[in-house]
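K.L.:
If you scroll down you'll find the structure; I have some questions about it.
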Amino acid sequence: MSRPAKMEINLDALRHNCARAKEYSPDSKLVAVIKANAYGHGAIEVAKALDERIDMLAVSSIEEALQLRTARISKPILLLEGCFYPDELEIAAINNFEVVFHNIEQINDFESAKLPNQIKAWLKVDTGMHRLGVKPEVAVECYKRLSNAAFAKDGVVLMTHMASADLLEEPYTQQQLTIFDELYHNISGMGFETIETSIGNSATIMGWQDAASSWIRPGIMLYGLSPFSDSELKDDLRPVMTLKSEVIALREVKVGDKVGYGSTWQAERPSLIATVALGYGDGYPRNTRSGAPVLINNQRAYLAGRVSMDMLSVDVTDILDVKIGDEVILWGENLSANEVADWADTIGYELVTRMPLRVPKHYID
Ligand SMILES: *Cc1c(COP(=O)(O)O)cnc(C)c1O
């Protein structure tokens, strides 16, 4: 027996979502973004489950990439932030990591490196996100330098990242795309053969289908969470992570009785309160407001009072037949992490990504 707090990771849902990404962009190759332990879902298991369906994996660091190699995952791996230090180039070359170059310093280091073999380079251009990437004005020059570097494989990929693709009414994405297109044409005009491009994160893939590029880079949609605030765009993504626990106590409270630390929730009617074995130590945000939905026996009940480290309380007055030992779903199937995230002033990305090791993952194939 063990504590009931756990995650179920549904690999079938993962593969379904991967197929959806391909349907949005059928002519593109697919880089599955599995940085940050696959957004909390387990990078090794996710990489293995997707292996035959994808072309490449992407992570944020050499450490994340090496963990995959140690687990005998042999797909090419893209380092999304490139090398933090020049000595990482050699590790990248040995391990078949492809490398993003987002600033001039990284390009200088690459030009002066002596490497055991060649690296496939991706040039990241800042078309408006203003986080990483070389300026469009110097991008042609950077593209030439990378292409001519002694240890560069043929065919530098031209990439960018969208700042507001989840806002479908905003003209900003189109402005970024225009800058990118112009650059693409300038570089093509210099006699390079077909230049591969990479634009789409999930929101771009789903919302901006004319932004198709050679390589799409879906992250959040693989895990079954829409990057759009609800109902803006219909999709049939399936949540991969379900966070579960059980009811471990039940009590009736009178009008005026208070529940939890700080006594922030007060009964306005005679109420039934269920105590659930899962708290902020298990990744459920402490700042979630009373009223957030919780599923018990597939019925919606509501968070009552502050979340404790190991427990939380739920007002189950309006749902039927609650007993100790009943299953509780905090998010997952039938209750999107995005919806819970609204009650904690954050986004589904953060909830799933910061799940602590304490909560065991059960993989369902
Ligand atoms: C994280 C990341 C992605 C994936 O973004 P989602 O919104 O999760 O689809 C794509 N590209 C880059 C450069 C990233 O850092």
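Taking the numbering used here, the leading residue of the sequence shown gets 1076, the next gets one more, and so forth. Just so it is clear, CB atoms sit at the ideal spot from N, CA and C, and this is done for glycine as well. Note that the structure is predicted; figures quoted are calculated from it, not measured.
1. State the Cα-Cα distance for the pair residue 1095 and residue 1427, rounded to the nearest angstrom.
2. Check this for me: beta carbons of residue 1432 and residue 1353, under 8 Å apart or not?
3. Just curious, the alpha helix (DSSP H) that residue 1182 is in, first and last residue?
4. Identify whether residue 1150 lies in helix, strand or coil by the three-state DSSP scheme.
5. Spell out the partners DSSP gives residue 1437 in its beta bridges.
6. Evaluate residue 1368 with the Cβ neighbour count: other Cβ atoms within 10 Å of its Cβ, from every protein chain shown; 16 or more gives buried, anything less gives exposed.
7. Is the beta carbon of residue 1182 less than 8 Å from the beta carbon of residue 1158?
8. For residue 1194, which residues in the same chain have their Cβ closer than 8 Å to its Cβ, ignoring the five residues on either side in sequence?
9. Taking a contact to mean a Cβ-Cβ separation below 8 Å, would you say residue 1093 touches residue 1143 in this structure?
10. Got a sec? Which residues, its chain only, sit under 6 Å from residue 1258 by beta carbon, not counting five neighbours each side?
11. Beta strand (DSSP E) containing residue 1368: first to last residue?
12. Consider the C-beta atom of residue 1089 and the heavy atoms of ligand 1; say whether any pair is separated by less than 7 Å.
13. Could you check the C-alpha separation between residue 1380 and residue 1330 for me, to the nearest Å?
14. So what does DSSP say about residue 1220, is it helix, strand or coil?
15. Residue 1402 bridges to which residues according to DSSP?
16. With which residues is residue 1350 paired in a DSSP beta bridge?
17. Taking the C-alpha atoms as reference points, what is the distance between residue 1388 and residue 1417?
18. Terminal residues of the continuous beta strand (DSSP E) containing residue 1374?
19. Near residue 1188, which residues of its chain fall below 6 Å by C-beta distance, leaving aside the five closest residues on each side in sequence?
20. Locate the beta strand (DSSP E) running through residue 1032, then write down its first and last residues.
21. Taking all protein chains shown into account, do 16 or more other C-beta atoms lie within 10 angstroms of the C-beta of residue 1386, making it buried, or fewer, making it exposed?
22. Could you check whether residue 1328 and residue 1304 sit closer than 8 Å to each other, using their CB atoms as the reference points?
23. Drop a sphere of 10 angstroms on the beta-carbon of residue 1206, count the other beta-carbons inside from all chains shown, and report buried for 16 or more, exposed for fewer.
24. Taking the alpha carbon of residue 1314 as the reference point, which residue from 1076, 1085 and 1079 has its own alpha carbon closest?
25. Tell me whether residue 1110, by its Cβ, gets closer than 7 Å to a heavy atom of ligand 1.
26. Taking C-alpha atoms, which residue in 1129, 1245, 1311 and 1102 lies nearest to residue 1109?
27. Could you check the C-alpha separation between residue 1102 and residue 1116 for me, to the nearest Å?
28. Roughly how many angstroms separate the alpha carbons of residue 1245 and residue 1127, rounded to a whole number?
29. Measuring straight from C-alpha to C-alpha, what distance separates residue 1325 and residue 1362?
30. Is any non-hydrogen atom of ligand 1 found closer than 7 Å to the C-beta of residue 1225, if you look at the structure I gave you?
31. Confirm the yes/no value for this check: CB of residue 1177, any heavy atom of ligand 1, distance under 7 Å.
32. With which residues is residue 1233 paired in a DSSP beta bridge?
33. Please work out which residues of its chain come closer than 6 Å, Cβ to Cβ, to residue 1302, disregarding the five sequence neighbours upstream and downstream, and give them in chain order.
34. At the level of alpha carbons, what is the spacing between residue 1271 and residue 1149?
P.N.:
Let me lay it out:
1. 20 Å
2. no
3. 1179 to 1187
4. coil
5. 1083
6. buried
7. no
8. 1164, 1167, 1168, 1172, 1173, 1174, 1185, 1226, 1227 and 1228
9. no
10. 1211 and 1214
11. 1368 to 1371
12. no
13. 15 Å
14. helix
15. 1321
16. 1324 and 1388
17. 19 Å
18. 1374 to 1378
19. 1164
20. Since the first residue shown for the chain is 1076 and the last is 1440, residue 1032 is missing from the structure and cannot be characterised.
21. buried
22. no
23. exposed
24. 1085
25. yes
26. 1129
27. 27 Å
28. 36 Å
29. 23 Å
30. no
31. no
32. 1198 and 1272
33. 1241, 1277, 1278 and 1295
34. 22 Å
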